[in-house]
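Engineer: Pasting a structure below so you can have a look.
There are 2 protein chains.
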Amino acid sequence: MSDLLERLRGRGWRLTAQRRVVAEVLDGDHVHLTADEVHARAVERLPEISRATVYNTLGELVSLGEVLEVSTDRRAKRYDPNAHRPHHHLVCARCGAIRDVRPSGDPLADLPASERFGFTVSDVEVTYRGVCPECATA
Amino acid sequence: MSDLLERLRGRGWRLTAQRRVVAEVLDGDHVHLTADEVHARAVERLPEISRATVYNTLGELVSLGEVLEVSTDRRAKRYDPNAHRPHHHLVCARCGAIRDVRPSGDPLADLPASERFGFTVSDVEVTYRGVCPECATA
DNA sequence: ATCCTACAATGGACTTTGTCTAAGTCAATC
DNA sequence: GATTGACTTAGACAAAGTCCATTGTAGGAT
Numbered sequence: 001m002s003d004l005l006e007r008l009r010g011r012g013w014r015l016t017a018q019r020r021v022v023a024e025v026l027d028g029d030h031v032h033l034t035a036d037e038v039h040a041r042a043v044e045r046l047p048e049i050s051r052a053t054v055y056n057t058l059g060e061l062v063s064l065g066e067v068l069e070v071s072t073d074r075r076a077k078r079y080d081p082n083a084h085r086p087h088h089h090l091v092c093a094r095c096g097a098i099r100d101v102r103p104s105g106d107p108l109a110d111l112p113a114s115e116r117f118g119f120t121v122s123d124v125e126v127t128y129r130g131v132c133p134e135c136a137t138a
Numbered sequence: 001m002s003d004l005l006e007r008l009r010g011r012g013w014r015l016t017a018q019r020r021v022v023a024e025v026l027d028g029d030h031v032h033l034t035a036d037e038v039h040a041r042a043v044e045r046l047p048e049i050s051r052a053t054v055y056n057t058l059g060e061l062v063s064l065g066e067v068l069e070v071s072t073d074r075r076a077k078r079y080d081p082n083a084h085r086p087h088h089h090l091v092c093a094r095c096g097a098i099r100d101v102r103p104s105g106d107p108l109a110d111l112p113a114s115e116r117f118g119f120t121v122s123d124v125e126v127t128y129r130g131v132c133p134e135c136a137t138a
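Line by line, the protein sequences are chains A and B.
Quick note: the first sequence uses full-length UniProt numbering, first residue 1, plus one each step.
Quick note: the second sequence uses full-length UniProt numbering, first residue 1, plus one each step.
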């Protein structure tokens with residue numbers, strides 16, 4: 001994760017304790033925390049960090065392309081630090097668990113020109129839904 | 001749309017003026033209104049209809065499988081009456097316009113067993129993002 | 001090492017979206 | 001046309017997120 005911080009500093013990011021903590025909390029694979037969860041974990045390390053700062057920092061990380069926003073359900077947005085490896089998501093319809101997945105094939109190529117309505121299509125987001133092993137046995 | 005009302009009555013739906021108006025407002029192709037927009041249009045025809053009723057009715061239509069919920073952005077959910085023709089969505093990143101699209105190929109088949117993590121995968125939702133012709137020229 | 005200042009953080013009010021409840025109303029059946 | 005349980009209503013409430021005026025501070029300048 002320190003390479004992330006280095007990269008951000010290179011882009012003129014001012015490195016504060018709050019931003020460092022938010023970046024650290026987001027480190028890892030298959031991590032998909034809500035803003036509130038990020039805040040809760042950040043508070044453990046830096047008790048005075050405010051919600052607004054967490055929202056601001058997450059927003060900046062998203063603008064910088066370092067973190068992805070994922071809205072799999074209609075509840076809170078989730079933040080996915082795995083922005084540099086293209087992937088999609090598999091969501092459990094019961095418990096909400098999320099896994100990163102990498103389908104074969106390119107969904108972008110599957111959208112013929114006749115179905116593009118003149119749009120310049122730049123991105124595609126695929127969400128698979130199902131039931132995870134834990135929820136299936138329970 | 002009257003066939004929809006008939007179908008619903010067949011399922012024991014009590015047909016009220018409010019429900020009829022909500023169903024009528026949702027009629028059409030490439031229709032993706034938010035609950036508030038549905039309410040605003042319903043009020044034009046039935047001034048005393050309440051927000052709660054619109055939410056309730058939309059929720060019921062979704063449970064009955066007659067209408068789809070779409071959350072393309074992190075703002076309000078949108079309601080798509082085109083539930084009986086499987087399709088995905090193309091969203092303008094600038095103005096938020098939504099079109100229904102039908103890609104070739106089956107994204108479900110593109111998720112190999114090794115990427116399913118033991119999930120029973122039942123559904124897939126694809127959102128294409130880009131810029132619509134109007135926003136591109138503007 | 002200290003100072004400066006533009007940028008960042010804070011906390012609380014506010015907005016948006018949606019849910020819940022208690023009381024009143026009415027569609028469908030008899 | 002009376003009954004009844006499902007439906008509707010208005011408004012309070014809740015969750016997620018934004019905004020803003022104030023206070024604090026990182027990092028360059030001295």
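Every residue, glycine too, gets a C-beta built ideally from N, C-alpha and C.
Quick caveat, the model's predicted, so the values are computed rather than measured.
For C92 (chain B), list the residues DSSP reports as bridge partners.
Structural biologist: In DSSP, C92 (chain B) forms a bridge with B:G130.
Engineer: Using the three-state DSSP reduction, which class does E69 (chain A) fall into: helix, strand or coil?
Structural biologist: Strand, per DSSP.
Engineer: Would you list, in chain order, the members of the segment 106 to 133 of chain B that have their beta-carbon closer than 8 Å to a beta-carbon of chain A?
Structural biologist: The residues in question are P107, L108, D110, L111, P112, E115, R116, F117, G118, F119, T120, V121, S122, D123, V124, E125, V126, T127, Y128, R129, G130, V131, C132, P133.
Engineer: Starting from V22 (chain A) and walking both ways along the alpha helix (DSSP H), at which residues does that stretch end?
Structural biologist: From DSSP, the alpha helix (DSSP H) with V22 (chain A) extends over 17 to 25.
Engineer: Compare the C-beta of C92 (chain B) against all C-beta atoms of chain A and say whether one is closer than 8 Å.
Structural biologist: So, interface residue.
Engineer: In its own chain, which residues sit with a C-beta less than 8 Å from the C-beta of P107 (chain B), not counting the 5 before and 5 after it?
Structural biologist: Cβ neighbours of P107 (chain B) beyond the five flanking positions: V124, V126.
Engineer: Can you name the residues of chain B whose CB is closer than 7 Å to the CB of A136 (chain A)?
Structural biologist: The answer, in chain order, is T120.
Engineer: Return the CA-CA distance between E44 (chain B) and L58 (chain B), expressed in angstroms with no decimal places.
Structural biologist: Each residue's Cα considered, the two are about 18 Å apart.
Engineer: Got a sec: is the Cβ-Cβ distance from R75 (chain A) to anything in chain B below 8 Å?
Structural biologist: It does not; no Cβ of chain B falls within 8 Å.
Engineer: Am I right that V131 (chain B) and Y79 (chain B) are in contact with their C-beta atoms under 8 Å? What's the rounded C-beta distance?
Structural biologist: Going by Cβ atoms, the distance from V131 (chain B) to Y79 (chain B) rounds to 24 Å, so no, they are not a contact pair.
Engineer: If you compare alpha carbons, which of A:L4, A:P81, A:S114, A:E115 is closest to R99 (chain A)?
Structural biologist: With distances taken between Cα atoms, R99 (chain A) lies closest to A:P81.
Engineer: Using the Cβ count rule (16 or more neighbours within 10 Å means buried), how would you classify R9 (chain A)?
Structural biologist: Exposed, because fewer than 16 other Cβ atoms sit within 10 Å of the Cβ of R9 (chain A).
Engineer: Got a sec: does the ligand GTP put a non-hydrogen atom nearer than 7 Å to the Cβ of H88 (chain B)?
Structural biologist: The ligand GTP is not part of this structure, which contains no ligands at all.
Engineer: Using CA atoms only, rank isn't needed, just tell me which of B:V22, B:T16, B:A52 is closest to R41 (chain B).
Structural biologist: Taking only the C-alpha atoms, the option nearest R41 (chain B) is B:V22.
Engineer: For the beta strand (DSSP E) holding D80 (chain A), just list the boundary residues, first then last.
Structural biologist: Segment 78 to 80, the beta strand (DSSP E) holding D80 (chain A).
Engineer: Which residue wins for smallest C-alpha separation from L68 (chain A), given the options A:E60, A:E24, A:A93?
Structural biologist: It is A:E60 whose Cα lies nearest to the Cα of L68 (chain A).
Engineer: Excluding five sequence neighbours on each side, which residues of the same chain lie with their C-beta closer than 7 Å to the C-beta of G65 (chain B)?
Structural biologist: So the list reads A83, once near-sequence residues are dropped.
Engineer: According to DSSP, simplified to helix, strand and coil, what is D29 (chain B)?
Structural biologist: Looking at D29 (chain B) - three-state DSSP - the assignment turns out to be coil, as it is neither helix nor strand.
Engineer: Going by the beta-carbon positions, is the gap between L26 (chain B) and L15 (chain B) smaller than 8 Å?
Structural biologist: Cβ atoms of L26 (chain B) and L15 (chain B): not closer than 8 Å.
Engineer: Using the beta-carbon count (16 or more within 10 Å), is A35 (chain A) buried or exposed?
Structural biologist: The residue is buried, with at least 16 neighbouring Cβ atoms inside 10 Å.
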